[in-house]
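Following: one structure in structure tokens, then a few remarks.
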Amino acid sequence: NKTSSCSTSVLDSHHNHDGDLNLCTKSGPKIPHYDITTVRLSELEQHLECLLSLLPSTKCPLVLILDGLDQLEDDVAARIIRSLPSPLPDEVQLIITASSNCTHFL
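In our numbering, the protein residues as written are 43 to 148.
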């Protein structure tokens, strides 16, 4: 079993969540929600590193949803994408969204 002091989270640029969400199963760990507009990129990179090292498995794959990348300032979207491992592990799925007039992010 892997152990770490990092916590898991849902980073959402569109919605502010007050409740917790279960991961994988009803008995799974609680995931705190954060507003991505208040999270530094270095914090996001640390969360992603923890998630990629601890969670993905065939029983509980990790789905990363990067929604609204075109709404982030400057080169933040490109930096987020560059921080992801390439290729992604088989147990990790990535979904990216952007406005149809901002497809240069994709």
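Think of the CB as a built atom: it goes at the ideal place given N, C-alpha and C, for glycine as much as any other residue.
Short of 8 angstroms in beta carbon distance, which residues of its chain neighbour residue i, apart from the five on each side in sequence? Order them along the chain.
i      : result
Pro103 : Glu133, Val134 and Gln135
Per DSSP, which residues does residue i bridge with? Please list them.
i      : result
Gln135 : Val105
Note down, in chain order, each residue of its chain lying with its Cβ closer than 6 angstroms to the Cβ of residue i, except the 5 sequence neighbours on either side.
i      : result
Ser125 : Glu87
Val105 : Gln135
Leu108 : Ile138
Pro127 : none
Leu94  : none
Could you tell me how far apart the beta carbons of residue i and residue j are, in whole angstroms, since I believe they sit closer than 8 angstroms?
i      : j     : result
Pro131 : Pro98 : 6 angstroms
Arg121 : Leu90 : About 12 angstroms; that fails the 8 angstroms criterion.
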